[in-house]
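Since the structure comes first, as structure tokens, the remarks are kept for the end.
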Amino acid sequence: MNGAMAASSHRIMLGPLVAAIDQGTSSTRFLVFNSKTAELLSHHQVEIKQSFPKEGWVEEDPKEILQSVYECMERTCEKLTQLNIDISNIKAIGVTNQRETTLVWDKETGEPLYNAIVWLDLRTQSTVERLINKTPGRNKNHLKHKTGLPISTYFSAVKLRWLMDNVNEVHEAVVSHRAMFGTVDSWLIWCLTGGKSGGVHCTDVTNASRTMLFNIHTMDWDPELCKYFGIPMEILPRVRSSSEIYGLMKICSSRKSGALSGIPISGCLGDQSAALVGQMCFQDGQAKNTYGTGCFLLRNTGAKPVMSDHGLLTTVAYKLGRDKPACYALEGSVAIAGAVVRWLQDNLGIIGSSEELEKLAASVGTSYGCYFVPAFSGLYAPYWEPSARGIICGLTQFTNKSHLAFAALEAVCFQTREILDAMNQDSGIPLTQLQVDGGMTSNRLLMQLQADILCIPVVKPSMPETTALGAAMAAGAAEGVSVWSLNPEDLSEVTSEKFEPQINPEESEFRYARWKKAVEKSMNWETTEPVCNGNGEPSIFSSVPLGFYVIGSMLMLIGAKYLAGHN
Numbered sequence: 001m002n003g004a005m006a007a008s009s010h011r012i013m014l015g016p017l018v019a020a021i022d023q024g025t026s027s028t029r030f031l032v033f034n035s036k037t038a039e040l041l042s043h044h045q046v047e048i049k050q051s052f053p054k055e056g057w058v059e060e061d062p063k064e065i066l067q068s069v070y071e072c073m074e075r076t077c078e079k080l081t082q083l084n085i086d087i088s089n090i091k092a093i094g095v096t097n098q099r100e101t102t103l104v105w106d107k108e109t110g111e112p113l114y115n116a117i118v119w120l121d122l123r124t125q126s127t128v129e130r131l132i133n134k135t136p137g138r139n140k141n142h143l144k145h146k147t148g149l150p151i152s153t154y155f156s157a158v159k160l161r162w163l164m165d166n167v168n169e170v171h172e173a174v175v176s177h178r179a180m181f182g183t184v185d186s187w188l189i190w191c192l193t194g195g196k197s198g199g200v201h202c203t204d205v206t207n208a209s210r211t212m213l214f215n216i217h218t219m220d221w222d223p224e225l226c227k228y229f230g231i232p233m234e235i236l237p238r239v240r241s242s243s244e245i246y247g248l249m250k251i252c253s254s255r256k257s258g259a260l261s262g263i264p265i266s267g268c269l270g271d272q273s274a275a276l277v278g279q280m281c282f283q284d285g286q287a288k289n290t291y292g293t294g295c296f297l298l299r300n301t302g303a304k305p306v307m308s309d310h311g312l313l314t315t316v317a318y319k320l321g322r323d324k325p326a327c328y329a330l331e332g333s334v335a336i337a338g339a340v341v342r343w344l345q346d347n348l349g350i351i352g353s354s355e356e357l358e359k360l361a362a363s364v365g366t367s368y369g370c371y372f373v374p375a376f377s378g379l380y381a382p383y384w385e386p387s388a389r390g391i392i393c394g395l396t397q398f399t400n401k402s403h404l405a406f407a408a409l410e411a412v413c414f415q416t417r418e419i420l421d422a423m424n425q426d427s428g429i430p431l432t433q434l435q436v437d438g439g440m441t442s443n444r445l446l447m448q449l450q451a452d453i454l455c456i457p458v459v460k461p462s463m464p465e466t467t468a469l470g471a472a473m474a475a476g477a478a479e480g481v482s483v484w485s486l487n488p489e490d491l492s493e494v495t496s497e498k499f500e501p502q503i504n505p506e507e508s509e510f511r512y513a514r515w516k517k518a519v520e521k522s523m524n525w526e527t528t529e530p531v532c533n534g535n536g537e538p539s540i541f542s543s544v545p546l547g548f549y550v551i552g553s554m555l556m557l558i559g560a561k562y563l564a565g566h567n
């Protein structure tokens, strides 16, 4: 009896709960927080398969993504029941997601019309080059005054254009007014609020601002941008704030997670914006760096969008309510961070797990002059150079896999240093410490290396799930839910760990200079797709050096024959 009473009194103490769906590039999670203390009560995680059908292509299955969300909700609800926590105490659900990843589905059947094209994907490189060549002065920043973004393979508009041009099912669905476009948040919210039976087709301002179709000043889809990319506006989701009730959950009652039916979905933020909120960076000048598949440094710039002169993006940070002002951020985006660990594990097989990487690197404590530029998807900020490719340089006979492991960790830190430098130049106020989060922050060696390479302290919260926390905060604070106060005096104090720099700045600068040299060598590696001859075969003349070589050789042969005939 006492145990049951203790359990029920514990339930009363918990107060209202808020859940978050965190759908990332490599995994999906469902997490449940106490809205009064921000404590994480339970969660479940499922890995997501990525497919690479061709070089540079990265896809995921939209149905697998949705199924992973259902599985995470189901398992978490089971865990809550075991903990004697009442599921009906969950008052709202927030969604946070990998941004830019592009989906098109049929609104009548509810079926995806192609795999999701992931943000990292490079298939649109030739489209991007063609668009840039059409602009006055071949300027990749031609649309930046409206979008805050360079024309790049990274953003959704070019992926959507590719789908419309290359996938028959998508083209036909657009023509017959059956197509719906969305980033991952839109797909999930539509499916979870009923799908083809009345699902809500919406997105939030943060996700919309990553499409290249959204005007960050008017805070809506821009007819001129849609015309520029040839995108019919009717296929776009409705843009909403990051914190309002979008619709109610509809889940089959036979599931354990059926108890979530009728709960409002009331928060939606792209993953990097969610981490900014979860790290409580609500003041102009506050910043955070998230180490996930990629690496993303965001700095809150307040109510005005600040345009970068140093290769950073201007993006919407959040808009926490229909009638609340939008806040903006400067963002430095790095394509490959945690993805380099996966590459060392899956492609090279030199480690069996991410924990092994830390042990391997720590065993040598140096890269021994080896530098690794993991430009697998070109270089993002501050270069925006899609022609770059990954290189490892400075190898000697002494170099072994442990040095390579160390160089991979250093690469993440050097890339962060590049975007931090750009951010300090743009804002004129250098950051005095860096707040960090994301899966890779559990690697203590990486955190220490980061402090050493930046020459400033790195501060890591003891609860690492700040992305999900941000989505839960937005959901719990929404009008009509109001179980989570975002007033500064009500926000719970976060415990954290600080890593101080331990090497002298001269050594740090020397290593950084060598890194910059390696980056230069990675650039201009890949040209666009080869020109094909009439048979669809690549022509040798598509390679300019090879073309010169062949023509030069022919001329020399003709010349030699001519001279031989005159002797």
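Residue numbers for the sequence shown follow full-length UniProt numbering, beginning at 1 and rising by one. Cβ coordinates follow ideal geometry from the N, Cα and C atoms, glycine included. No experiment lies behind these values; they were computed from the predicted model shown.
Would residue 578 be called buried (16 or more neighbouring beta carbons within 10 Å of its own) or exposed?
-> Limits of the chain in this structure are 1 at one end and 567 at the other, which puts residue 578 out of reach.
Tell me whether Asn289 is buried or exposed, calling it buried when 16 or more other Cβ atoms sit within 10 Å of its Cβ.
-> buried
CB contact flag (Val69, Ile117, <8 Å) | Going by C-beta atoms, Val69 is not nearer than 8 Å to Ile117.
Spatial neighbours of Glu418 in its chain, beta-carbon cut-off 7 Å, leaving aside the 5 residues before and after | Pro382
When burial is assigned at 16 or more other CB atoms within 10 Å of the CB, is Val271 buried or exposed?
-> Here residue 271 is Asp; the residue named in the question, Val, does not match the sequence. Taking all protein chains shown into account, Asp271 has 16 or more neighbouring C-beta atoms within 10 Å of its C-beta and is therefore buried.
Straight-line CA distance for Gln45 to Ile265?
-> 20 Å
Can you tell which of Glu244, Ala362, Asp346 has its C-alpha closest to the C-alpha of Ile93?
-> Looking at the Cα atoms, Glu244 is the closest of the given residues.
Answer with yes or no whether the minimum CB distance from Gln23 to chain D is below 8 Å.
-> Among the protein chains of the structure shown there is no chain D, as only one such chain exists.
Provide the residue span of the alpha helix (DSSP H) that contains Tyr70, from first to last.
-> 62-82
Tell me whether Ile87 is buried or exposed, calling it buried when 16 or more other Cβ atoms sit within 10 Å of its Cβ.
-> With 16 or more Cβ atoms within 10 Å of its Cβ, Ile87 is classed as buried.
Could you say which of Trp384, Asn300, Ile350 lies nearest to Ser333 if we only look at CA atoms?
-> Comparing Cα positions, the closest option is Trp384.
DSSP bridge partner residues for Ala116 (one or two, in chain order) | Paired residue(s): Glu60.
For my contact list, Trp221 and Phe214 are in at a C-beta cut-off of 8 Å; report their separation, rounded to the angstrom.
-> 6 Å
Going by beta carbon distance, what residues of the same chain come within less than 8 Å of residue 568, once the five residues before and after it are set aside?
-> Missing from the structure shown is residue 568; the chain here goes from 1 to 567 and no further.
Whole-angstrom distance between Pro374 and Leu360, CA atom to CA atom | 19 Å
At which residues does the alpha helix (DSSP H) containing Gln345 begin and terminate?
-> For Gln345, the enclosing alpha helix (DSSP H) begins and ends at 338-346.
Three-state secondary structure (DSSP) at Asp490?
-> helix
Please classify His201: is it buried, with 16 or more other beta-carbons within 10 angstroms of its beta-carbon, or exposed?
-> buried
If you compare alpha carbons, which of Thr301, Tyr291, Gly349, Asn347 is closest to Ala335?
-> When each option's Cα is compared against that of Ala335, the closest is Tyr291.
From Glu358, Cys413, Pro461, Met423, pick the residue whose C-alpha is nearest to that of Val436; which is it?
-> Pro461
Please determine, among Gly390, Leu395, Ser387, Lys134, the residue with the shortest C-alpha to C-alpha distance to Cys370.
-> Leu395
Alpha helix (DSSP H) containing Glu108: first to last residue?
-> Per DSSP, Glu108 belongs to no alpha helix (DSSP H) and is neither H nor E.
Would you be able to state if there are at least three C-beta pairs under 8 Å between the region 499-509 and the region 119-130?
-> Output reads no: the region 499-509 does not touch the region 119-130.
Where does Tyr246 fall in DSSP's three states?
-> strand
Taking only the alpha-carbon atoms, compute the straight-line gap between Cys191 and Ser482 and give it to the nearest angstrom.
-> If I take the Cα positions, the gap works out to 25 Å.
Ile453 in three-state terms, based on DSSP | helix
What first and last residue would you give for the beta strand (DSSP E) that runs through His43?
-> 40-47 is the span of the beta strand (DSSP E), which, as asked, contains His43.
How is the beta strand (DSSP E) around Lys516 delimited, first residue to last?
-> That residue, Lys516, is in no beta strand (DSSP E); its alpha helix (DSSP H) goes 505-522.
Tell me whether Asn34 sits in a helix, a strand or coil according to DSSP, three-state version.
-> In the three-state reduction of the DSSP assignment, Asn34 falls in the strand class.
Does DSSP put Gln286 in a helix, in a strand, or in coil?
-> coil
Same chain, Cβ closer than 7 Å to residue 632, neighbours up to 5 away in sequence not counted | Residue 632 lies beyond the range of the chain shown here (1 to 567); nothing can be said about it.
Buried versus exposed call for Ser261 [16 or more other C-beta atoms within 10 Å across all chains shown] | exposed
The alpha helix (DSSP H) enclosing Pro223, as first and last residue numbers | Per DSSP, Pro223 belongs to the alpha helix (DSSP H) from 223-229.
Verify whether the separation of the beta carbon atoms of Asn115 and Glu71 is less than 8 Å.
-> Cβ atoms of Asn115 and Glu71: not closer than 8 Å.
At a cut-off of 7 Å, is Ile245 close to the ligand SAH when judged by its beta-carbon and the heavy atoms of the ligand?
-> Of ligands this structure carries none, so the ligand SAH is not represented either.
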